[in-house]
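Residue numbering for the sequence shown follows the working numbering, starting at 272 and increasing by one per position. Just so it is clear, CB atoms sit at the ideal spot from N, CA and C, and this is done for glycine as well. Beneath this line is the structure, given in structure tokens, with notes to follow.
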Amino acid sequence: MIYAILSILVSFIIAFGRQISVFGKIERGLWFFSKFEIKRLVFTLFSVVFGIISLTVYSIETTTAVLLSLSLAFLLFSYFFDMRYLFPEINKVTRTNAENVDIDETTKIIGLTLSKSSVAYPLNEAVIPRHIVIDKIDDKQVLISYCALCQSALAFDTRVGNRELFFRVAGVWRRNMIIYDTETYSLWQQATGECIYGALKGRQLELLSGENLTWGEWKAKHLQTEFAIEFKEERKGYLSREKMNKLINKATYNIIVPGFTDLSDLPERETVFGIKYNGISRAYPKSLLKEMKNFEDNYADKVLQLEYNQSADYLYAKEKDNSNKIIVEKHWWLGWKEFHPDTEIWKK
């Protein structure tokens, strides 16, 4: 009996260790997310060995059979709940010029401008259902990422030091997606671009100025823009992009993942535009911007000029002194507040 118990215990830990860590807010549980496939294989071998010993040493009783059946079920679940196949990353992108694109101008995109080129990536058609898109713009490899739980689409430079990293979805931590790089298997927080576990802990991905708006608005501001029209995943996923997008839209509002900050100041799923500038973090609730268009806001001794475009559902920001653009992030409140605990809330 003892070996059957050990078999089910080992299989339970590898099947649910990640979920228990997330909902129990156990930081050491990040261990499960790093090199998960290798750890799953090791745990599987131990569970199977304990099961075989149990069948060899003891007679097959009802209790033993039930325990070993549950052990097998847990192992199968751990192989099914595999982020590599739930969210296979896109690593091949085909782009074309704007004049060759015939899509609805209300299509939601994340737009990115580097030194020479501007590119728009459709959210619902690719970025949202796969969560990770790796592309190269002007010889710079970029990561286009999306977290369904906090509704944030963010772009990063994938180079860290002399390493050019590739990423995959690892899971969820602190109300936000975590990803891992395929070189060191370190874990990175999508909301901040910070490495939170592994060999590169403490390193930072550079946040790029990804703008979350509509194709029509983006195209009007970037006449020479390209549009990403075709995508190829690293591996075939469980669901097509269309089906995964529908599932995400249904499930996101029913999943609450615990975090470490109080969210009582605003509704958890209030859309906010976040700015971190001149040592100040500030959230602009969408509900307060509907009657605003152009306005100014003070950040200590600096002044920003802001413009809310309601049709594009985006807030633009630039420095008043020199018109330099400021990065504006779009999140649900639960995502922004979690990683900016001292954030201010803008009021009219």
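Same chain only: Cβ atoms within 8 Å of residue i, ignoring 5 sequence neighbours per side
i: P556; result: L537, E541, T542, V543, W604, I616 and W617
i: T367; result: E497, F498 and I500
i: F427; result: V413, L414, S416, G464, L476, E477, L478 and L479
i: I526; result: L420
Length of the line joining the Cα atoms of residue i and residue j
i: I309; j: F317; result: 13 Å
i: A491; j: Y570; result: 29 Å
i: I331; j: V293; result: 37 Å
i: V343; j: V337; result: Reading the sequence as shown, one finds Leu at residue 343 and not Val. C-alpha separation (whole angstroms): 10 Å.
i: Q581; j: K589; result: 18 Å
i: Q495; j: E488; result: 13 Å
i: W302; j: I546; result: 32 Å
i: G481; j: Y585; result: 11 Å
i: L560; j: Y579; result: 7 Å
i: W459; j: R434; result: 15 Å
i: W607; j: N447; result: 10 Å
i: D533; j: S558; result: 20 Å
i: I597; j: I276; result: 57 Å
i: I291; j: V319; result: 23 Å
i: K521; j: L425; result: 22 Å
i: A583; j: L484; result: 5 Å
i: T334; j: T327; result: 15 Å
i: Y274; j: T315; result: 14 Å
i: F502; j: V372; result: 15 Å
Under the three-state DSSP convention, the category residue i falls into
i: R474; result: coil
i: Q290; result: helix
i: Y587; result: strand
i: I381; result: strand
i: R430; result: strand
i: W617; result: coil
i: I598; result: coil
i: Y356; result: helix
i: N593; result: coil
i: Y456; result: coil
i: I374; result: coil
i: I284; result: helix
i: S552; result: strand
i: S386; result: coil
i: A499; result: strand
i: L317; result: Residue 317 is actually Phe in this sequence, not Leu. F317 falls in the helix class under three-state DSSP.
i: I467; result: strand
i: R506; result: coil
i: E567; result: strand
i: T367; result: strand
i: I273; result: helix
i: Y392; result: strand
i: I309; result: helix
i: E435; result: strand
i: S326; result: According to the sequence displayed, residue 326 carries Leu and not Ser. The answer is helix: DSSP assigns L326 an H, G or I state.
i: L479; result: strand
i: F523; result: For the record, residue 523 in the displayed sequence is Thr; it is not Phe. Correct three-state label for T523: helix.
i: T334; result: helix
Cβ-Cβ distance between residue i and residue j below 8 Å
i: S389; j: E497; result: yes
i: S423; j: E600; result: yes
i: A441; j: I519; result: no
i: I403; j: I449; result: no
i: D406; j: L385; result: no
i: H602; j: C421; result: yes
i: K296; j: P529; result: yes
i: T453; j: R439; result: yes
i: A397; j: R512; result: yes
i: R401; j: V431; result: no
i: F437; j: F345; result: no
i: A369; j: F610; result: no
i: N516; j: I399; result: yes
i: N595; j: K573; result: no
i: R445; j: F531; result: yes
i: S552; j: D613; result: yes
i: K591; j: L577; result: no
i: G322; j: H493; result: no
Close beta carbons around residue i, own chain, < 6 Å, minus the five adjacent residues each side
i: G508; result: Y356 and P359
i: F348; result: A286
i: R506; result: P359
i: I279; result: L338, L341 and S342
i: M563; result: Y579
Bridge partners - residue i, DSSP secondary structure assignment
i: G442; result: I449
i: L414; result: I405 and F427
i: K547; result: S552
i: G574; result: Sequence inspection shows Val at residue 574; the Gly mentioned does not correspond to that position. Partner(s): N569.
i: L484; result: I380
i: I361; result: V404 and E504
i: N580; result: Y585
Same chain, Cβ closer than 7 Å to residue i, neighbours up to 5 away in sequence not counted
i: W486; result: I374, E376, T378, I380 and A391
i: Y456; result: S305, K306 and G469
i: G288; result: G300 and F303
i: T523; result: A419 and L420
Interface flag, residue i vs chain D, CB-CB below 8 Å
i: N565; result: Among the chains in the structure shown there is no chain D, since it carries only a single protein chain.
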